[in-house]
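For reference, the structure is listed below as structure tokens.
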Ligand code: HEC
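Numbering (my numbering), first residue to last: 33 to 171.
Here's what the structure looks like:
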């Protein structure tokens with residue numbers, strides 16, 4: 033005869049919780065790497081750094097930390113946890129290409145005219161100065 037028992041529930045809930053957590057973590061990791069067509073290589077990072085120093089350091093600082101910027105209160109690009117417009121590669125790409133908020137100018141076709149490939153190099157450079165656990169493996 034079937035006797036319902038409630039005892040195992042707590043355990044199975046914990047297992048289900050862990051599964052949901054893992055699935056969410058995995059999809060975040062996939063999202064972060066999903067659409068960037070430029071491999072995360074030293075060459076790309078170094079091209080990105082050159083474009084960065086030419087276009088971004090006045091506001092975000094030479095090292096991305098935006099300390100002592102005279103022009104605008106720009107966010108620290110080494111700390112994704114303080115960003116407002118998302119943390120995926122796609123989000124960073126779109127912030128740079130189209131601008132973000134009131135004071136981050138667009139650098140794509142309606143702005144300075146950076147090519148998409150240059151913007152993906154910038155995304156890779158920003159990843160390279162960000163938290164190690166959010167960097168894709170170097171290729
Ligand atoms: C004129 C100053 C200025 C320049 C130049 C500039 N930024 Fe910004 N940037 C800002 C400001 C200010 C914000 C925050 C906008 C807001 O929060 O409303 C910002 C936001 C961002 C964000 C989004 C962060 C978030 O909160 O999600 C990224 C990514 C970014 N900038 C990257 C760059 C890169 C890469 C360059 C060079 C191509 C660059 N910025 C050039 C001022 C600047």
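Idealized CB from N, CA, C, for every residue including glycine. Quantities reported herein were computed from a predicted structural model and do not represent experimental measurements.
Shortest alpha-carbon distance to residue i belongs to which of the options?
| i | options | result |
| --- | --- | --- |
| residue 82 | 171, 143, 168, 151 | 151 |
| residue 162 | 129, 139, 107, 67 | 107 |
| residue 166 | 119, 140, 148, 130 | 119 |
| residue 90 | 135, 125, 171, 170 | 135 |
| residue 128 | 84, 73, 110 | 84 |
On the DSSP bridge list, what partners appear for residue i?
| i | result |
| --- | --- |
| residue 132 | 136 |
- Message: Taking 8 angstroms as the cut-off, does the region 156-167 touch the region 69-83 (at least 3 CB pairs, one atom from each stretch)?
- Response: yes
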